[in-house]
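So the structure is just underneath, and the comments pick up after that.
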Amino acid sequence: MKVRRLNHDDYDAVVLLATELDAEERYMRFFTLHPAYIGEWALSLTAPAKGVVALGAFEDGDLIGVANYSELSRSGYAEIAVVVAHEQHHRGVGTALLRTLAEIAKDSGQHRFVADVLFENYAMRRVLSDAGWPISQHRDGSVLSLEVDLDTLTDNTPS
Ligand SMILES: CC(C)(COP(=O)(O)OP(=O)(O)OC[C@H]1O[C@@H](n2cnc3c(N)ncnc32)[C@H](O)[C@@H]1OP(=O)(O)O)[C@@H](O)C(=O)NCCC(=O)NCCS
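Numbering-wise (numbering that gives the first Met the number 0), the sequence shown opens with residue 0 and increments by one.
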C-alpha cells in the first residue's frame, strides 16, 4: 500500500470510491444517505485549498482510502475525516492514512486533530482508540466530538 497526497488526476477515483460505499459507510462519513455534493467533495480533496491536506491510499494503482484534514480558525486545530473503500476495511488502511496525516500535521505546526463522529460509529472510534492516540471526547446527543493531542503523540505510539 502506498500513501500519497491526492492531486487533480485522482478526481474520478475519489468519486468512484464514494459512490461504491454501502449505505452505512456513506452515512457514517457524510451523515446522510444521499450526499448531493460528492463532486464538490472530490474536488476539495484533489484540488485542496490552503490549509487542507488530503491523502489517498493506493494498492496496485487503485484508490482504496482517503483522509484529509482542514485547518480550523482556532490556531493549531484541524478537523479530520477518513473513509476507506468498501471491501477494504480491517486491513489497516484507515490507520495508515491517519498516521501519515498526523505526521504531516505535526510537521505543519498543528497541535490538535478534532473529529465529529456519530456516536454509533464504533469503527472510527476503535481505529482511533486502537491506535493508542491520546484522545478526549465529548458527547452531544448522537454526535461524539473527539480531540487528539498531536503534541503527545510519540514515534512509539502504535498508530
Ligand atoms: C472508520 C474507517 C475509516 C476505518 O477504516 P479501516 O481501514 O477499516 O481501519 P483499520 O483497518 O485501520 O482498522 C480497523 C480494524 O482493523 C484492524 N487492523 C489494523 N491493521 C490491520 C491489518 N494490517 N490487518 C488486519 N487488521 C488490521 C484494526 O485493529 C481494527 O480492528 P478492530 O475493528 O477490531 O478494532 C472505515 O470503517 C470507514 O471508512 N468507515 C466509513 C466512513 C467513516 O465512518 N469515517 C469516519 C468519520 S469521518
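From the three backbone atoms N, C-alpha and C, an ideal C-beta is built for every residue, glycine too. These numbers come from a predicted model, not from an experiment.
Contact between F112 and A101 holds, since their C-beta atoms are separated by about 7 Å, short of 8 Å. Remark: C-beta atoms of A104 and A80 do not approach each other more closely than 8 Å.
Ligand 1 has no heavy atom closer than 7 Å to the beta-carbon of N67. Distances taken from the Cβ of E86 to the heavy atoms of ligand 1 include none shorter than 7 Å. Taking C-beta atoms under 8 Å as the contact rule, G64 and A84 qualify, at a distance of about 6 Å.
For ligand 1, no non-hydrogen atom lies closer than 7 Å to the CB of A48.
The shortest CA-to-CA distance from D148 to any of R138, D139 and I134 is the one to I134.
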